[in-house]
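Notes to accompany the following structure.
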Amino acid sequence: MAGRKRATKRIPANGNASADLTTPKVPRAPFSEERRAELDSGELPDYDAMTDDELKALVLQKNIGLRGRHKRAHKVNALRKSDAKDVAKYQAWKYKTREDRADVQPKKENGHDIAHEPEEHLHSLSEKEKDEYRKKVELNKQLGQRQGLMFASKYQTDPTRKSFLDLPANIRYMIYAMALFGTEDHVEVMKISYVETKDQYLPFFRQYLGRPYGSEIMISVLDMMGAMNQQIRSEIRTFFYAKMPLTLQGCIPEETDAHGLVQRLIMKIGVEGRASLPSLRISLGGSDGMDYKQPGYDSFHSLLETMTLCQNLEWFDFQLAVSHFFHTDVEPLKAYFCHEAALESLGLERFATFLASMPNLRSIHLIMKSYPRYNGSLEGLSGDDLFRHFAFTGMREVMLWVELENRLQANNVYKQDDSETRKVNGRTFLWIRYPIITSSREGDEIMDFSTWVAWHNKAFPKAVQGDDARVELVDDE
1 MAGRKRATKR
11 IPANGNASAD
21 LTTPKVPRAP
31 FSEERRAELD
41 SGELPDYDAM
51 TDDELKALVL
61 QKNIGLRGRH
71 KRAHKVNALR
81 KSDAKDVAKY
91 QAWKYKTRED
101 RADVQPKKEN
111 GHDIAHEPEE
121 HLHSLSEKEK
131 DEYRKKVELN
141 KQLGQRQGLM
151 FASKYQTDPT
161 RKSFLDLPAN
171 IRYMIYAMAL
181 FGTEDHVEVM
191 KISYVETKDQ
201 YLPFFRQYLG
211 RPYGSEIMIS
221 VLDMMGAMNQ
231 QIRSEIRTFF
241 YAKMPLTLQG
251 CIPEETDAHG
261 LVQRLIMKIG
271 VEGRASLPSL
281 RISLGGSDGM
291 DYKQPGYDSF
301 HSLLETMTLC
311 QNLEWFDFQL
321 AVSHFFHTDV
331 EPLKAYFCHE
341 AALESLGLER
351 FATFLASMPN
361 LRSIHLIMKS
371 YPRYNGSLEG
381 LSGDDLFRHF
391 AFTGMREVML
401 WVELENRLQA
411 NNVYKQDDSE
421 TRKVNGRTFL
431 WIRYPIITSS
441 REGDEIMDFS
451 TWVAWHNKAF
461 PKAVQGDDAR
471 VELVDDE
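Position one of the sequence shown corresponds to residue 1 (the UniProt record's numbering), numbered consecutively onward.
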């Protein structure tokens, strides 16, 4: 029996043809040749330049379900998502067929292309050469992993180099990535809470669950490696904050300035954190830290000045009220409501200027809070404070929200109806969540200040007391 060759087993197919089980089946190519050429070129259609009819025809052609959403922006976003899925599917097919893999590039040895040559074409090689081929292909697969790339570096050992910083930058950053994110416990978002009793910022889970989680482990690694050397500290902090979005969340006590807490957090992460931070989210409960008067206005605009240091910021959200934009604009508001003049707001212009100064910003989420309503008692309010209560409540508040949207859209900011975020032609997407108005009063729809005052004095006789307030209101008319 020695010396007999093992026959390849074949199974008849379609009666006559036979199928070779030793030959791996190549996955069928997705899409048409024209579509694959388009995906290879990277020159996808410019949907912004298309008409509504053209967009509708493409949506129908690609059988995309819009689920009742038929605005132009919805069609554009749906088509872009479809293109992204096609690219991912095509790249996956190319990877499987080894047409686009950097880790298995052709390598000629003994006149044979060992990286791409199918197994059935190796019959001319000796058993030793076949074994060598399989080992090299397996090695190429391993080198495609992160650890393999480190060991395959072209960096040459030099006995005169004895410092970690002598390693090439790409190797150092691979080590940082493995140290910070190489465990199963690492987190995708760094959630921070403010602890009033300690006046400290702590990882959210440590504060509320009393035990360490991945975020605390990552911070320990960050501090440990940062203590080695100033350059290492700068590199690893820059790398960490560029990869780690921040979220400030939790319940805060009464009389706590939420915007001041955010400003302190931004200063606490240092120069490297501010320069590389991609995302900042605020999700506070409890009192929510809203100050609707002058100190709250000043705190918000001071925070905007600090945030201009975060030039890499792409996404942020705030909890706000109309008073944070219009508190100091009493005279322009009087002209707007009483004389139907165009609204000129210093606070709104400051916010628009801040957005224009952020080159990488692509998405803004504003969570609007209703201005506090005094239920039947306006005692102690007069003059500007009384007018602010008129301007910031009822349908007048809604009008100011519309003014906010219109002003930002004039500043190349695009209003978005859902949480989809994507930068198109340099435009920044704005998503606003308005509060639910649970009740309304007759006075909410009154647009004339003096008429509203007369209605309020009649509805709540004790709301305004004394002749001084009434005289001042008549002058404002």
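Note that CB positions come from ideal geometry on N, CA and C, so glycine has one too. Please read all numbers here as calculations on a predicted model, not as lab measurements.
Here V76 has Y47 as same chain residues with Cβ atoms under 6 Å from its own Cβ, once five neighbours each way along the sequence are excluded.
Between K191 and Q249, the C-beta spacing is below 8 Å. In the structure shown, G42 adopts coil according to DSSP, grouped into three states. Around the beta carbon of I252, 16 or more other beta carbons sit within 10 angstroms, so the residue counts as buried.
Every beta strand (DSSP E) stretch that sits fully inside the region 301-334 and reaches 3 residues is listed by chain position as 315-320. Around the beta carbon of A88, fewer than 16 other beta carbons sit within 10 angstroms, so the residue counts as exposed.
DSSP, read as helix, strand or coil, puts M174 in helix. Y90 is the residue among R28, A29, L79 and Y90 whose C-alpha sits nearest the C-alpha of D40.
In the displayed model, S163 falls within coil according to three-state DSSP, outside both helix and strand. Your pair L261 and V322 does not check out as a contact, with CB atoms roughly 21 Å apart and the cut at 8 Å. According to the DSSP assignment, M368 belongs to the beta strand (DSSP E) that extends over S363 to M368. For G250, the uninterrupted beta strand (DSSP E) run begins and ends at L246 to I252, by DSSP. By the CB criterion at 8 Å, T238 and S276 fall inside the cutoff. The residue among K62, F392, A352 and L386 with its C-alpha nearest the C-alpha of S370 is F392. Rounded to whole angstroms, the Cβ separation of F429 and S363 is 5 Å, and the two are in contact under 8 Å.
In this structure, the CA atom of F318 is about 10 Å from the CA atom of L284.
V402 counts as exposed, since fewer than 16 other C-beta atoms from the protein chains shown sit within 10 angstroms of its C-beta. Straight across, the Cα-Cα distance linking H74 with L66 is about 8 Å.
In this structure, L79 is the residue among R72, K71, L79 and R69 with its C-alpha nearest to the C-alpha of Q61.
Straight-line spacing of the CA atoms in P359 and F316 works out to 14 Å.
The C-beta of H70 has fewer than 16 other C-beta atoms within 10 Å across all chains shown, which makes the residue exposed.
Cβ-Cβ separation between W452 and F390: approximately 5 Å, consistent with a contact (criterion under 8 Å).
Per the C-alpha coordinates, the member of M290, K293, D291 and I266 positioned closest to R281 is I266. In this structure L55 is not in contact with R28, their Cβ atoms being roughly 30 Å apart against a cut-off of 8 Å. Shown here, M267 sits in a helix according to DSSP, grouped into three states.
Exposed is the label assigned to R134, since fewer than 16 other Cβ atoms lie within 10 Å of its Cβ. The shortest CA-to-CA distance from F181 to any of V59, F164, I219 and P168 is the one to I219.
Burial state of V59 is buried, judged by a 10 Å Cβ sphere holding 16 or more other Cβ atoms. Contact check for M225 against A179 passes: the beta carbons are separated by less than 8 Å. By the neighbour-count criterion, in which 16 or more other beta carbons inside 10 Å mark a residue as buried, I446 falls on the buried side. With a beta-carbon spacing of about 6 Å, I236 and L222 fall inside the 8 Å limit used to define contacts. Nearest neighbour of P295 by Cα position, chosen from S279, A258, E272 and V271, turns out to be A258. Nearest C-alpha to I436 among M368, L386 and Q409: M368. Secondary structure of I282 (DSSP, three-state): strand. Here the C-alpha atom of R35 lies approximately 17 Å from the C-alpha atom of A57. Counting the other CB atoms within 10 Å of its CB gives Y434 a total below 16, which places it among the exposed residues.
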